[in-house]
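**Q**
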Amino acid sequence: MRVVVFISGRGSNLQALLEQQNNYTISHVISNCSQAAGLQIAQDYGVATTVISWRDPKQAETKALALLNDINPDLIVLAGFMRVLSADFVSNFPFKIINIHPSLLPLYPGLNTHQRALNNQQSIHGATVHFVDQYLDQGRSISQCQIKITAEDTAETLAHRLLSKEHQLLTTTVNKIASGEIYWQDNQLYYNNQVITQPIVWSKI
Ligand code: GRF
């Protein structure tokens, strides 16, 4: 399975994906930011990279679409990609774009998820891998990981503790999509040939 990863910055999820290419190959990395540290990580793995400025989103999507039409990926992974893709763009890849978001969606779409979980005195926090549609962080959830929130936690400690779990969640999910264990068919999400209506949680708290 050929995978293209979109990033905007650090690229730790990209690195985890590069390390765990069991059932898939990352063939290209696209960044909207030329300074993204993740670009160097991709290059260290010998993966082709392209920077596309998103200052004019319509133009950027036209360029990205042309590139993707050449690459013809089976899956597009948004891993810390900080731009919202238009309905038009997404419609070219139905159920072929996934995103990792640092909250237990539908809770806390958007930014500052860790602080918002703390402000609401949640006892459990986590991350979600979901399909991407035209709405921010609203596409159908596929899988989630959970962590406990302690009285000492700050947004920083939560973000730090969650990140390694995010890496596991994303790499496991992509590998299971690539192996055919997770798939979308006839408007339903399947895991191990069973229709599932809730996100998969491999290690529930
Ligand atoms: C991660 O927390 C991810 O959930 C969010 O952005 C962050 C990206 O981190 N969407 P990195 O660039 O993968 O290190």
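The sequence shown: position 186 = 185 (numbering that gives the first Met the number 0), numbered continuously.
No residue lacks a Cβ here, since even glycine has one placed at the ideal position from N, Cα and C.
Kindly indicate which three-state DSSP category Arg-1 falls into: helix, strand or coil?
**A** As a working note, residue 1 is residue 2 in the sequence shown. Correct three-state label for Arg-1: strand.
**Q** For Thr-24 and Ile-70, I'd like the C-alpha separation in whole angstroms.
**A** Sequence index remark: in the sequence shown, residue 24 carries index 25 (1-based). Sequence index remark: in the sequence shown, residue 70 carries index 71 (1-based). Roughly 12 Å separates the two Cα atoms.
**Q** What is the DSSP secondary structure of Ser-163, counted as helix, strand or coil?
**A** Start at 1 with the first residue of the sequence shown, and residue 163 comes out as number 164. Helix at Ser-163.
**Q** Report yes if the CB atom of Val-131 is closer than 9 Å to the CB atom of Gly-125, and no otherwise.
**A** On the sequence shown, residue 131 is found 132 positions in, with the first residue counted as 1. On the sequence shown, residue 125 is found 126 positions in, with the first residue counted as 1. Against a cut-off of 9 Å, the Cβ pair of Gly-125 and Val-131 comes out as no contact.
**Q** For the alpha helix (DSSP H) that contains Thr-61, what are its first and last residues?
**A** Here the question's residue 61 lines up with position 62 in the sequence shown. Counting along the chain, the alpha helix (DSSP H) containing Thr-61 begins and ends at 56 to 70.
**Q** Whole beta strand (DSSP E) runs in the region 76 to 123 with 3 or more residues, listed along the chain?
**A** Correct list: 96 to 100.
**Q** How many angstroms separate the CA atom of Ala-35 from the CA atom of Tyr-44?
**A** Along the sequence shown, read from residue 1 onward, the residue named residue 35 stands at position 36. Along the sequence shown, read from residue 1 onward, the residue named residue 44 stands at position 45. Ala-35 and Tyr-44: Cα-Cα distance of roughly 15 Å.
**Q** Select from Ile-123, Ala-15, Ser-122 and Ser-140 the residue whose C-alpha is nearest the C-alpha of His-129.
**A** Within the sequence shown, residue 129 is the residue found at index 130, counting from 1. Answer by Cα proximity: Ser-140.
**Q** For Thr-171, does the three-state DSSP call read helix, strand or coil?
**A** Mapped onto the sequence shown, residue 171 falls at position 172. DSSP places Thr-171 in helix when its eight states are reduced to three.
**Q** Look up Leu-135 in the DSSP assignment and say whether it is helix, strand or coil.
**A** Mapped onto the sequence shown, residue 135 falls at position 136. Reduced to three states, the DSSP call for Leu-135 is coil.
**Q** Are Val-76 and Val-2 close, meaning C-beta to C-beta below 9 Å?
**A** The count along the sequence shown starts at 1 and reaches residue 76 at position 77. The count along the sequence shown starts at 1 and reaches residue 2 at position 3. In this structure, Val-2 lies closer than 9 Å to Val-76 by Cβ.
**Q** By Cβ distance below 6 Å, which residues in the same chain neighbour Leu-38 in space, the five residues on each side in sequence not counted?
**A** Within the sequence shown, numbered from 1, the residue matching residue 38 stands at position 39. The residues are Ser-30 and Thr-48.
**Q** When the distance is taken between beta carbons, is His-113 closer than 9 Å to Ala-154?
**A** Here residue 154 refers to the residue found at position 155 when the sequence shown is read from its first residue. Here residue 113 refers to the residue found at position 114 when the sequence shown is read from its first residue. In contact: Ala-154 and His-113 (Cβ atoms closer than 9 Å).
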